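Novice: Let me give you the structure first, and then I'll get to my questions.
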Amino acid sequence: MSDLPSHIVDRVETRAAKVADRQRVAQEARAEHEQQQRARDEKTERLKAMRLARDAQT
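Everything in the sequence shown is counted per my numbering, starting at 63 for the first residue and increasing by one.
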């Protein structure tokens with residue numbers, strides 16, 4: 063890329079940085095969503111176990 067004009071190189075670098083930033087933000091969002099989903103599943107499992115234990119006592 064050394065034979066390209068500097069403004070073209072700047073544009074390519076800026077575009078690459080934006081793409082990398084979008085990928086990072088998307089990965090963080092996916093991780094947060096997965097964590098929330100795990101927490102919800104664990105809570106559901108805990109509540110179901112409590113309900114089954116309560117129903118077994120009656």
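Even glycine gets a Cβ: it sits at the ideal position worked out from N, Cα and C.
It should be emphasised that the depicted structure is a prediction, and the values quoted were computed from it without experimental measurement.
With H, G and I counted as helix, E and B as strand and the rest as coil, what does DSSP make of THR76?
Specialist: Helix.
Novice: Roughly how many angstroms separate the alpha carbons of LYS110 and GLN97, rounded to a whole number?
Specialist: If you take the alpha carbons of LYS110 and GLN97, they lie about 20 Å apart.
Novice: Could you give the DSSP three-state label for ASP65: helix, strand or coil?
Specialist: Reduced to three states, the DSSP call for ASP65 is coil.
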